[in-house]
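Remarks on the structure that follows.
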Amino acid sequence: MKLKFAWLMLLFLGFFFSSCSDDDNDEGAIFEIGMSNTAFIPAEVTVSAGAAVRWINNSSMPHTVTSNDGLFDEFLEVDEVFNYIFSEPGNYSYVCTLHPGMDGIIIVE
Ligand SMILES: [Cu+2]
1253 MKLKFAWLML
1263 LFLGFFFSSC
1273 SDDDNDEGAI
1283 FEIGMSNTAF
1293 IPAEVTVSAG
1303 AAVRWINNSS
1313 MPHTVTSNDG
1323 LFDEFLEVDE
1333 VFNYIFSEPG
1343 NYSYVCTLHP
1353 GMDGIIIVE
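The sequence shown runs 1253 to 1361 under this note's numbering.
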């Protein structure tokens, strides 16, 4: 009888912990920004503090994702991605240093 109870507890705990890790995976949305050869798409994104933004170079040439505040400076070959989590509210502008006029802004609320 005691053994049966122990097994039930194990089953219950297993279920409990697998539910927890599922919750962790869902936490924090990811906002995706694509690229053309001359622009970030969309160029303006509004997210909540704590959200992750993912830049995807789905264009046909390399680009950089360079923060105007010195927060990040990434060189992305075609098909490469870059993730950044914005934890503090504010306006974060960035540019591609290879293509003048290719810029964007992340508004974190
Ligand atoms: Cu560029």
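Cβ atoms here follow ideal geometry from the backbone N, Cα and C, with glycine treated the same way.
Residues bridged to residue i [DSSP beta-bridge criterion]
i               : result
valine 1347     : Thr1318, Asp1355
methionine 1287 : Phe1292
aspartate 1325  : Thr1318
valine 1333     : Ile1308
alanine 1303    : Phe1338
Contacts around residue i, its chain only, beta-carbon distance under 6 Å, and the 5 residues preceding and following it disregarded
i               : result
isoleucine 1359 : Thr1298, Asn1343
cysteine 1348   : His1315, Thr1316, Met1354
Under 9 Å between C-beta atoms of residue i and residue j
i              : j           : result
glutamate 1284 : valine 1305 : yes
Heavy atom of ligand 1 within 8 Å of residue i beta-carbon
i              : result
proline 1314   : yes
threonine 1298 : no
leucine 1323   : no
Nonlocal neighbours in the same chain, by C-beta distance under 8 Å from residue i, ignoring five residues either side
i            : result
serine 1273  : Note on serine 1273: pLDDT 44, under 50, position unreliable in the model; the coordinate value appears next. Counting only Cβ-Cβ distances below 8 Å, and skipping sequence neighbours, we find nothing.
alanine 1295 : Asp1355, Gly1356, Ile1357
Minimum C-alpha distance to residue i - residue among the options
i               : options                   : result
methionine 1313 : Glu1329, Phe1292, Asn1335 : Glu1329
tyrosine 1346   : Ser1300, Ser1339, Met1354 : Met1354
Close Cβ partners of residue i (< 7 Å) along its chain, the five nearest in sequence each way excluded
i            : result
alanine 1291 : Met1354
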